[in-house]
Amino acid sequence: MAAVCWLVALRLIVLIAALHVAFAIYSGYRLVTAQDEREAVQVKERLFAALVNLAVLVLALAAVRWFEDLVM
2 MAAVCWLVAL RLIVLIAALH VAFAIYSGYR LVTAQDEREA VQVKERLFAA
52 LVNLAVLVLA LAAVRWFEDL VM
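Residue 2 is where the sequence shown starts when you use this note's numbering, and the numbers rise one by one after that.
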């Protein structure tokens, strides 16, 4: 039962990763349409943070796949 709960909890990582991808796409659009340099720098910082978070979530998803193989 604990393994099932663990897998369900880790599946939420996929949802969070999808939200980060959507935010990164939106930030890319905002970067293209930025009106001034200050706004562009702020968008770049948020885009970089979203991509770093996405990389961490991809590593967590790889851990989920490894754990599934281990349990099954």
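Beta carbons: idealized from backbone N, C-alpha and C, even for Gly. These numbers come from a predicted model, not from an experiment.
Hey, out of the options, whose CA is closest to residue i's CA?
i      : options                        : result
Tyr-27 : Arg-12, Leu-11, Lys-45         : Lys-45
Val-53 : Val-65, Phe-24, Trp-67, Glu-38 : Phe-24
Ile-17 : Gln-43, Trp-67, Leu-60         : Leu-60
Consult DSSP for residue i and reduce its assignment to one of helix, strand or coil.
i      : result
Gln-36 : coil
Could you tell me how far apart the beta carbons of residue i and residue j are, in whole angstroms, since I believe they sit closer than 8 angstroms?
i      : j      : result
Leu-58 : His-21 : 6 angstroms
Ala-41 : Leu-32 : 6 angstroms
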